[in-house]
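The structure appears below as structure tokens.
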């Protein structure tokens, strides 16, 4: 870099395309930067093979980005579907639990109806008949709501 009272020049050797960009010329006044001039440097390569390689690598980058975009979209759709399915399952379970709570409420003694009882006379001392010795398995209970 060289300068005189009216101009500043910058000499860069071994320039390649990565040196392209904006170059700012500025100075400091009381610890503040003052930008005097901006120059955009565009470097065009001479070697066509390097340009072809860069275009090929650029194409590969675009293909990768497209593939990543598609994968991200598919993953988003899949996870959204999983969330919806789980939400529906939870809703169904809660609905079933509410219905079961309604069906299994505790019954009061007022809610029960009993059948009429019939008592037999005491058997004679001589012994019991076989039909009297058998227990009757039929017991009836009813509940009202």
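Residue numbers (UniProt numbering): 1 to 145.
Yeah, the Cβ is synthetic: ideal placement off N, Cα and C, and Gly gets one too.
- With respect to the C-alpha of residue 37, the residue from 26, 67, 83, 20 having the closest C-alpha is 26.
- If the five residues before and after residue 34 are omitted, its C-beta is found closer than 8 Å to the C-beta atoms of 26, 27, 28, all from its own chain and listed in chain order.
- Excluding five sequence positions before and after residue 121, none of the CB atoms of its chain fall closer than 8 Å to its own CB.
- Linking residue 17 to residue 44 through their CA atoms gives a straight-line distance of about 7 Å.
- Across the structure, residue 82 and residue 32 are spaced so that their CA atoms are roughly 56 Å apart.
- The C-beta separation of residue 9 from residue 20 comes to about 19 Å, leaving the pair out of contact by the 8 Å criterion.
- Between residue 68 and residue 40, the C-beta gap is not smaller than 8 Å, which leaves the two residues out of contact.
- Shown here, residue 7 sits in coil according to DSSP, grouped into three states, outside any helix or strand.
- In this structure, the straight-line span from the alpha carbon of residue 71 to that of residue 77 is close to 10 Å.
- Non-local C-beta neighbours of residue 12 in its own chain, meaning closer than 8 Å and more than five positions away in sequence, comprise 19, ordered along the chain.
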